[in-house]
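Engineer: Pasting a structure here, questions to come.
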Amino acid sequence: MKNFLIICFFYLFSCSSAKKHVIQNEINGTVLNIENETVSNVDVQFYNDGDDFGFVPKSLKTDENGFFSVKEVKVKGDYQITNLLSEKLPSKIIFKKEGYLSDTIRIADYSNANKEEVMKMNVILKRVINN
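If you number the sequence shown the way our numbering does, the last residue is 205 and the count never jumps.
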């Protein structure tokens, strides 16, 4: 009986510590111009006001269809650990491309209570007008 209780305790402990929590949803988006055409090769920069742990790339480029994607971030740990780590995630996404005005989006504006969903965004970049 003692061995059975030890095995049950070990099983419960290993299951609870192995659970991963989503601290950042997957982020997908498309960058468009004001004519609603996709814009490729846009520099997509992820910015955090403080230090970060490198959960997401510092920057990436949109593909030939103007698409970018960052996988969800899952971590093991209890509420305090996941809460601490979620504060180290990027808070803003900055979009830059030569010939266009840069744009900044706050990730919190796209977050929702359901952590299982993908954050989807369409970003409209405006061309720089030279006189």
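Even glycine gets a Cβ: it sits at the ideal position worked out from N, Cα and C.
Here the structure is a predicted model, which is why all the values come from computation and not from measurement.
1) What are the boundary residues of the beta strand (DSSP E) that serine 143 is part of?
2) To the nearest angstrom, how far is it from the Cα of valine 147 to the Cα of glycine 173?
3) Who pairs with leucine 134 in a beta bridge, going by DSSP?
4) Does isoleucine 108 come out as helix, strand or coil in the three-state DSSP assignment?
5) Taking a contact to mean a Cβ-Cβ separation below 8 angstroms, would you say valine 197 touches leucine 106 in this structure?
6) Which residue or residues does DSSP assign as beta-bridge partners of aspartate 177?
7) Buried or exposed: which applies to asparagine 139, given that a residue is buried once 16 or more other Cβ atoms fall within 10 Å of its Cβ?
8) Below 8 angstroms on the Cβ atoms is my contact criterion, and I expect leucine 159 with asparagine 122 to pass it. Report the Cβ-Cβ distance as a whole number of Å.
9) Between serine 143 and isoleucine 101, which are expected to be in contact by the criterion C-beta below 8 angstroms, what is the C-beta distance as a whole number of angstroms?
10) Which whole-angstrom value is the C-beta distance of lysine 94 and valine 149, which I expect to be below 8 angstroms?
11) Whole angstroms are fine: how far does the CA of valine 113 sit from the CA of aspartate 137?
12) Is leucine 158 helix, strand or coil by DSSP?
13) Along the beta strand (DSSP E) that carries asparagine 196, what are the first and last residues, could you check?
Structural biologist: In short, the structure shows the following:
1) Sequence index remark: in the sequence shown, residue 143 carries index 69 (1-based). Residues 141 to 144.
2) Against the sequence shown, residue 147 aligns to sequence position 73. Against the sequence shown, residue 173 aligns to sequence position 99. So the alpha carbons of these two residues sit roughly 33 angstroms apart.
3) On the sequence shown, residue 134 is found 60 positions in, with the first residue counted as 1. In DSSP, leucine 134 forms a bridge with Val118.
4) The sequence position of residue 108 within the sequence shown is 34, counting from 1. Of the three classes helix, strand and coil, the one that applies to isoleucine 108 here is coil, per DSSP.
5) Against the sequence shown, residue 197 aligns to sequence position 123. Against the sequence shown, residue 106 aligns to sequence position 32. Yes, the pair counts as a contact, with Cβ atoms nearer than the cut-off.
6) Within the sequence shown, numbered from 1, the residue matching residue 177 stands at position 103. The partner list for aspartate 177 (beta bridge, DSSP) reads Phe169.
7) Taking the first residue of the sequence shown as position 1, residue 139 is located at position 65. Exposed is the call here.
8) The residue you call residue 159 lines up with position 85 of the sequence shown. The residue you call residue 122 lines up with position 48 of the sequence shown. The pair is not a contact, with the Cβ atoms about 12 angstroms apart (cut-off 8 angstroms).
9) Along the sequence shown, one-based indexing puts residue 143 at 69. Along the sequence shown, one-based indexing puts residue 101 at 27. Indeed they touch by this definition, with Cβ atoms about 7 angstroms apart.
10) Position 20 of the sequence shown, counted from the first residue, corresponds to residue 94. Position 75 of the sequence shown, counted from the first residue, corresponds to residue 149. The Cβ separation is near 6 angstroms, so the contact holds.
11) Position 63 of the sequence shown holds residue 137. Position 39 of the sequence shown holds residue 113. So the alpha carbons of these two residues sit roughly 8 angstroms apart.
12) Here the question's residue 158 lines up with position 84 in the sequence shown. Leucine 158: helix per DSSP, three-state reduction.
13) For this step, residue 196 is matched to residue 122 along the sequence shown. Counting along the chain, the beta strand (DSSP E) containing asparagine 196 begins and ends at 193 to 199.
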